[in-house]
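Peer 1: In full-length UniProt numbering, the protein residues as written are 1 to 367.
Here you go, one structure.
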C-alpha cells in the first residue's frame, strides 16, 4: 500500500501525521509526506528518514491584502504541484492532519478520485477541514464535542496520535518530587503567558518550582522579566521542550499552564490538570471550545485573555493565574479526580484506529 501523508506548518499538525506514518510504515506501507517548504515538516521528515516533497504554500488569512493574494496564488500553484506528485506516486490513500500546507494536497486527491481521510485535532474543525470532510472516506476527531460543531456527516472519534515515546513514558510511575508548574505555549511560545506567568509567580500565592517553555524567539525577554520580578533559581525558562526534556517535564509536573491547542491531548495522556488561557484569536474560537471540554471534565481552570470582547470566564490577570495554580497545588483529591477523567478521555490506540481506517480506505478503492 502507498500512503501520502500531509499536514503542517506547525508541530501540532506534523507530529500526529508522523506518528500515523510511523505505524503505517511498520505495517509495510510505503510513505510519502507532501507539505510546505516554509513549515517544520521537511526537517521532521528528514530526522525520521521519511520521503518528503515540499511546495511554496503559506497561510491564507485574508484577500484584503497583497499578502493574501500572494498566498492564494501560492496555494493554486501548490495544488497543481500536488496533483502532479499524486499522479506520479499513485497512492492508495491520502491522510491529512490539516494546516495550511494540507489543503492543496487534499484538494488534489479529491480532484483525482483518491480516497482521503481528514483528521481534526480541535473541537471546532477549521474551515478547510470541514469543507474537505464532506467527501472524505472518514473524518476523524479528537474532541467529543466535535460532532456538536460539525453535523454535515458522521464523525469518528479516534483520539489523537501521540508520539510513541510519550505514551511509553506516561505509562510508567510518576516520580515523587517537589510541586512543579509547567508552562507551555506551543511550539512558538505564547507571549501572553511569557508576560503574565512570571508576574503570577511573583505574587507569592503559590510555592513551586516552575519550568517555562517560552518559545525560541521569546527566551531572552522572558528571562529579563523573570529577573525583574525577583524570581530565583526555582523559576527555570527554556526556549523549547523536546523529548526527552519534554517527557521529564511532563512526568514531574503537578499542574500545567497552557494555551488550549494541540498540546491538550498530550497533557491528558499524562493526566495533568491545567490552567488554560485560550488564544482569543483562534479560528472559530476553537481553543475556547477545547478548553471548555476539559473544564466540563473538571480537569481545567479556564481564564480569559483580556481583549475587546466580554466573556464570562475570569480574566487572566497575574493574581487570577496565581490563584488558579494554587487551587490545584493545594488540592490532591481534585488533582486525582482530574487525572482519572483525563485518562478516560484519552484514546490509547488512537494511531492504530486511524491506520485501520486508512487500510479500509485502500481496500475500498481496490475492491
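Cβ coordinates follow ideal geometry from the N, Cα and C atoms, glycine included.
Is the segment 143-153 close to the segment 114-127, with three or more CB pairs under 8 Å?
Peer 2: Cβ pair count under 8 Å is three or more, so yes.
Peer 1: Can you tell me where the beta strand (DSSP E) holding residue 123 begins and where it ends?
Peer 2: No beta strand (DSSP E) contains residue 123, which DSSP labels as neither H nor E.
Peer 1: Taking all protein chains shown into account, do 16 or more other C-beta atoms lie within 10 angstroms of the C-beta of residue 160, making it buried, or fewer, making it exposed?
Peer 2: Buried, because 16 or more other Cβ atoms sit within 10 Å of the Cβ of residue 160.
Peer 1: For the beta strand (DSSP E) containing residue 243, name the first residue and the last one.
Peer 2: Careful: residue 243 lies outside any beta strand (DSSP E) and carries neither H nor E.
Peer 1: Measure from the alpha carbon of residue 345 to the alpha carbon of each residue in 101, 298 and 243, then state which is nearest.
Peer 2: It is 298 whose Cα lies nearest to the Cα of residue 345.
Peer 1: Is residue 141 helix, strand or coil when you go by DSSP?
Peer 2: DSSP places residue 141 in strand when its eight states are reduced to three.
Peer 1: Use the C-beta contact count for residue 287: other C-beta atoms within 10 angstroms, 16 or more gives buried, fewer gives exposed.
Peer 2: It is buried - the Cβ of residue 287 has at least 16 other Cβ atoms within 10 Å.
Peer 1: To the nearest angstrom, how far is the alpha carbon of residue 4 from that of residue 333?
Peer 2: The alpha-carbon atoms of residue 4 and residue 333 are separated by roughly 46 Å.
Peer 1: Using DSSP bridges, identify the partner residues of residue 54.
Peer 2: Paired residues: 35.
Peer 1: Using a Cβ distance threshold of 8 Å, determine whether the segment 1-15 contacts the segment 24-38, with at least three qualifying pairs required.
Peer 2: Segments in contact, yes.
Peer 1: Would residue 193 and residue 204 be called neighbours here (beta carbons separated by less than 8 Å)?
Peer 2: No, these two residues do not count as a Cβ contact at 8 Å.
Peer 1: Can you tell me the Cβ-Cβ gap for residue 254 and residue 180, rounded? I've got them flagged as a contact below 8 Å.
Peer 2: Confirmed, Cβ separation roughly 5 Å.
Peer 1: Report, in whole angstroms, the separation of the C-beta atoms of residue 257 and residue 321, which I expect to be a contact under 8 Å.
Peer 2: That belief holds up - the Cβ atoms of residue 257 and residue 321 are roughly 7 Å apart, short of 8 Å.
Peer 1: In angstroms with no decimal places, state the Cα-to-Cα distance between residue 384 and residue 220.
Peer 2: Lying outside 1 to 367, the shown extent of the chain, residue 384 is not represented and no answer is given.
Peer 1: Counting C-beta neighbours from all protein chains within 10 Å, is the total for residue 167 16 or more, i.e. buried, or is it exposed?
Peer 2: Residue 167 should be labelled buried.
Peer 1: Any idea what DSSP makes of residue 192, helix, strand or coil?
Peer 2: Residue state, collapsed to three classes: helix.
Peer 1: Mind checking residue 27: buried by the 16 CB within 10 Å criterion, or exposed?
Peer 2: When all chains shown are included, residue 27 counts as exposed.
Peer 1: Look at the Cβ atom of residue 137, then the Cβ atom of residue 115, and state whether they are nearer than 8 Å.
Peer 2: For residue 137 and residue 115, yes; Cβs fall inside 8 Å.
Peer 1: How would you label residue 262, buried or exposed, when you count the other beta carbons within 10 angstroms and need 16 or more for buried?
Peer 2: By the 10 Å Cβ count, residue 262 comes out buried.
Peer 1: Put residue 197 into one of helix, strand or coil per three-state DSSP.
Peer 2: Helix at residue 197.
Peer 1: Taking the beta strand (DSSP E) that residue 209 falls in, what are its first and last residues?
Peer 2: Element bounds for residue 209: 209-213.
Peer 1: Look at the alpha carbon of residue 23 and the alpha carbon of residue 107, and state the distance between them as a whole number of angstroms.
Peer 2: Cα-Cα distance, rounded: 25 Å.
Peer 1: In chain order, which alpha helix (DSSP H) runs of at least 4 residues are fully inside the segment 158-190?
Peer 2: Counting only runs of 4 or more, we get 164-170.
Peer 1: Starting from the Cα of residue 347, find the closest Cα among 41, 259, 270 and 246 and give me that residue.
Peer 2: For residue 347, the nearest C-alpha among the options comes from 270.
Peer 1: Under a Cβ-count criterion, where at least 16 other Cβ atoms within 10 Å of its own Cβ denotes burial, should residue 207 be classed as buried or exposed?
Peer 2: Per the 10 Å Cβ criterion, exposed.
Peer 1: Is it right to say residue 41 is buried, meaning 16 or more other beta carbons lie within 10 angstroms of its own, or is it exposed?
Peer 2: The residue is buried, with at least 16 neighbouring Cβ atoms inside 10 Å.
Peer 1: Please state whether DSSP places residue 272 in a helix, a strand or coil.
Peer 2: Of the three classes helix, strand and coil, the one that applies to residue 272 here is coil, per DSSP.
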